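2 protein chains.
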Amino acid sequence: MSQPLHAIQQVLDFIVEIEKLKDVHRKTRPVGLERFENSAEHSWHVCLSALMLHPYADKPVNIDRVIKMLLIHDLGEIDAGDTIIYASETPENKQAEEQGVKRLLALLPSSVAEGYLALWQEFEAGDSDDARFARAIDRVPPLLHNLNGDGHSWRKHDVSKEMVLRVNSRIGEGVPALWQLLQRQLDQAEQDGLLRSEQSRSHE
Amino acid sequence: MSQPLHAIQQVLDFIVEIEKLKDVHRKTRPVGLERFENSAEHSWHVCLSALMLHPYADKPVNIDRVIKMLLIHDLGEIDAGDTIIYASETPENKQAEEQGVKRLLALLPSSVAEGYLALWQEFEAGDSDDARFARAIDRVPPLLHNLNGDGHSWRKHDVSKEMVLRVNSRIGEGVPALWQLLQRQLDQAEQDGLLRSEQSRSHE
Ligand SMILES: [Ca+2]
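Same order as they appear, the protein sequences are chains A and B. Each residue of the first sequence is one higher than the one before, starting from 0 at the first, in numbering that gives the first Met the number 0. Each residue of the second sequence is one higher than the one before, starting from 0 at the first, in numbering that gives the first Met the number 0.
Below you can see the structure in the form of structure tokens.
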């Protein structure tokens, strides 16, 4: 096989391999559906969310970089699996994800793979404006799933409003006005009984 | 509600509404899975496919525009439904899709929605280099599903190699070397009996 065809075959192998992300299941359900979301459709959803929300970012972001970051941000789950968001993000799991991303990128011709590991690491570190925004947006759809889906995963995992505020405060670092809006809706959700308040919990 | 919060709420409504694409089912199955693919996870998959294949495009493309095009290219299916690829793309269906895209974009603040209808139309028209490449890539994953999945949808719909060549020839317009490679694999698939040849069909 000629060199370009060989390189393209490597990309096709990558395309087939990453398809496994369609079989990694998350903890929330898309609004209106009775099944859990998978990480591939989630990745599409956060990309479009970022595209439409970036005018409201706290700091100017390079939306094209952000979208690439979000397209690949969950690839590590293919080997490491998805983890529950209210469990701490362990170093072991992060390491397993990074190994997984490296394995997938190694399927590609090196000229094509170039830069994506660094982009994935930048997302994970969350230190740049682009990464901070991307990580803020990544948290939005699961909140919307609960807010518009009767608090399904909140109630299932006995989550309090304080836990949601803690885990999702990074939304405020990326898009303050969005966080302000969502906090109001969380107050309402608590009043509606979709979320348990810490207080009512400790008195049980 | 203040003006910015009102605008952000409009974007959130859009984000929840487009989630319905996760419930639009396609005609092929992801490799290794026993269920049909949905158009949301497909959209993610074609975006990453385009990202990794664009170095092999026939004409230079603006990959950032291509990715945005592919993120939104199937949104019309939410109202119109997915159509079988081997049925002709009727003007009625295309019109229903365009109406659907307009309905969704109308949920957004106009400053945010700006440009996306034109981008969707550009994809549909397929006349620009970016659109030609995007449309080529859109055809790749279903071929890979069949090539790596025992020709499942080909056999189910009694598809011949000639039909596959006809319907997918646009891959050659966007990425000639990729089409060259895939044609070889289609020859092999025909030999392996995953695809019917026209000849054997007409003699039945
Ligand atoms: Ca498509």
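Glycine included, each C-beta is placed from N, C-alpha and C at the ideal position. Nothing here was measured: the structure is a model prediction, and the numbers come from that model.
ask   = Taking 8 Å as the CB-CB cut-off, is A:Lys26 touching chain B?
value = Residue numbering aside, residue 26 of chain A sits at position 27 when the first sequence is read from its first letter. A:Lys26 does not count as touching chain B.
query = How close, in whole Å, do the beta carbons of A:Glu40 and B:Trp43 come, if the pair is a contact with beta carbons under 8 Å?
reply = Here residue 40 of chain A refers to the residue found at position 41 of the first sequence. Here residue 43 of chain B refers to the residue found at position 44 of the second sequence. Right, the Cβ-Cβ distance comes to about 7 Å (below 8 Å), so this counts as a contact.
task = Compare the C-alpha of B:Leu70 against each of A:Val174, A:Phe13, A:Lys160 and A:Leu50 and name the closest.
result = If you number the second sequence from 1, residue 70 of chain B lands on position 71. The candidate whose alpha carbon is nearest that of B:Leu70 is A:Leu50.
message = Measuring only the C-alpha atoms, how far is B:His202 from B:Glu161?
response = Here the question's residue 202 of chain B lines up with position 203 in the second sequence. Here the question's residue 161 of chain B lines up with position 162 in the second sequence. The pLDDT assigned to B:His202 is 44, lower than 50, so where the model puts this residue is not dependable; a value taken from the coordinates is nonetheless given after this. Their backbone Cα atoms lie some 15 Å apart in a straight line.
task = Give the straight-line distance between the Cα atoms of B:Arg200 and B:Gly150, rounded to the nearest whole angstrom.
result = Position 201 of the second sequence, counted from the first residue, corresponds to residue 200 of chain B. Position 151 of the second sequence, counted from the first residue, corresponds to residue 150 of chain B. Because the pLDDT of B:Arg200 is 48, which lies under 50, any placement of that residue in the model is unreliable, and the number read from its coordinates should be weighed accordingly. B:Arg200 and B:Gly150: Cα-Cα distance of roughly 16 Å.
ask   = Beta carbon of A:Gly80, beta carbon of A:Val23: below 8 Å?
value = Reading the first sequence from its first residue, position 81 is the one you call residue 80 of chain A. Reading the first sequence from its first residue, position 24 is the one you call residue 23 of chain A. In contact: A:Gly80 and A:Val23 (Cβ atoms closer than 8 Å).
request  = Scan the region 107-128 of chain A for residues whose Cβ lies nearer than 8 Å to a Cβ of chain B and list them as they occur along the chain.
outcome  = Leu107, Ser110 and Val111
message = Looking at chain B, is there any beta carbon in it that lies within less than 8 Å of the beta carbon of A:Phe208?
response = An answer regarding residue 208 of chain A cannot be provided, because it is not within the stretch 0 to 203 covered by chain A.
query = Which of the residues in the region 143-165 of chain B, read from start to end, lie with their CB under 7 Å from any CB of chain A?
reply = Leu143 and Asn147
inquiry  = Cutting at 8 Å between CB atoms, please list the residues of its own chain near B:Leu193, excluding the five before and the five after it.
reply    = In the second sequence, the residue the question calls residue 193 of chain B occupies position 194. Closer than 8 Å at Cβ, skipping near neighbours: Asn145, Leu146, Asp149, Gly150, Trp153 and Arg154.
key: Nearest-angstrom Cβ-Cβ length linking B:Asp73 and B:Arg102, presumed shorter than 8 Å   = Here residue 73 of chain B refers to the residue found at position 74 when the second sequence is read from its first residue. Here residue 102 of chain B refers to the residue found at position 103 when the second sequence is read from its first residue. Contact flag wrong, Cβ pair sits at about 15 Å.
ask   = So what does DSSP say about B:Asn37, is it helix, strand or coil?
value = As a working mapping, residue 37 of chain B is identified with position 38 in the second sequence. Looking at B:Asn37 - three-state DSSP - the assignment turns out to be strand.
task = Give a yes or no on whether the C-beta atoms belonging to B:Ile170 and A:Pro140 are separated by under 8 Å.
result = Along the second sequence, one-based indexing puts residue 170 of chain B at 171. Along the first sequence, one-based indexing puts residue 140 of chain A at 141. It is not a contact, given that the beta carbons lie outside the stated cut-off.
ask   = Mapping DSSP to helix, strand and coil, what is B:Ser1?
value = For the purposes of this step, residue 1 of chain B is taken as residue 2 along the second sequence, with counting starting at 1. Correct three-state label for B:Ser1: coil.
message = Could you check whether the Cβ of B:Pro3 sits closer than 7 Å to any heavy atom belonging to ligand 3?
response = Ligand 3 is not part of the structure shown, which contains ligand 1 as its ligands.
key: Segment limits, alpha helix (DSSP H) that includes A:Arg169   = For the purposes of this step, residue 169 of chain A is identified with residue 170 of the first sequence, where counting begins at 1. A:Arg169 -> alpha helix (DSSP H) spans Arg169 to Gly173.
query = Hey, how far is the Cα of A:Trp119 from the Cα of A:Gly173?
reply = Residue numbering aside, residue 119 of chain A sits at position 120 when the first sequence is read from its first letter. Residue numbering aside, residue 173 of chain A sits at position 174 when the first sequence is read from its first letter. So the alpha carbons of these two residues sit roughly 18 Å apart.
request  = Please state if the CB of A:Glu76 and the CB of A:Ser38 are separated by a distance shorter than 8 Å.
outcome  = Taking the first residue of the first sequence as 1, we reach residue 38 of chain A at position 39. Taking the first residue of the first sequence as 1, we reach residue 76 of chain A at position 77. Yes; because the gap between Cβ atoms is below 8 Å, this pair is in contact.
ask   = Could one say the Cβ of A:Glu18 lies closer than 8 Å to chain B's Cβ atoms, at least one of them?
value = Your numbering for residue 18 of chain A matches position 19 in the first sequence. Chain B, which has a Cβ nearer than 8 Å to the Cβ of A:Glu18, makes this yes.
ask   = Looking at chain E, which residues of the region 86-104 of chain B have a Cβ within less than 7 Å of any of its Cβ atoms?
value = The structure shown contains no chain E; its protein chains are A and B.
ask   = If we cut at 8 Å on Cβ distances, does B:Glu40 have a partner in chain A?
value = Within the second sequence, numbered from 1, the residue matching residue 40 of chain B stands at position 41. At least one chain A Cβ lies under 8 Å of B:Glu40.
task = Output yes if chain A places a C-beta closer than 8 Å to the C-beta of B:Arg200; else output no.
result = The residue you call residue 200 of chain B lines up with position 201 of the second sequence. Confidence at B:Arg200 is low in this model, with a pLDDT of 48, below 50, so its placement is unreliable and no value can be given for it.
query = Taking C-beta to C-beta, are A:Ser159 and A:Glu123 nearer than 8 Å?
reply = The residue you call residue 159 of chain A lines up with position 160 of the first sequence. The residue you call residue 123 of chain A lines up with position 124 of the first sequence. In this structure, A:Glu123 does not lie closer than 8 Å to A:Ser159 by Cβ.
request  = Please classify A:His156: is it buried, with 16 or more other beta-carbons within 10 angstroms of its beta-carbon, or exposed?
outcome  = In the first sequence, residue 156 of chain A corresponds to position 157, counting from 1. Answer is exposed; the Cβ neighbour count stays below 16.
ask   = Since A:Glu36 contacts A:Arg28 with CB under 8 Å, what's their CB separation in whole angstroms?
value = Position 37 of the first sequence, counting from 1, holds the residue named residue 36 of chain A. Position 29 of the first sequence, counting from 1, holds the residue named residue 28 of chain A. The pair is a contact, with the Cβ atoms about 6 Å apart (cut-off 8 Å).
ask   = Cβ of B:His72 less than 8 Å from any chain A Cβ?
value = To locate residue 72 of chain B, count along the second sequence from 1; it is residue 73. Not an interface residue.
task = Let me know if B:Pro108 comes out buried or exposed under the rule of 16 or more other beta-carbons within 10 Å of its beta-carbon.
result = Start at 1 with the first residue of the second sequence, and residue 108 of chain B comes out as number 109. Result: buried.
task = Pick out the complete alpha helix (DSSP H) segments inside the region 24-70 of chain B, 4 residues or longer, and give them in chain order.
result = 38-52
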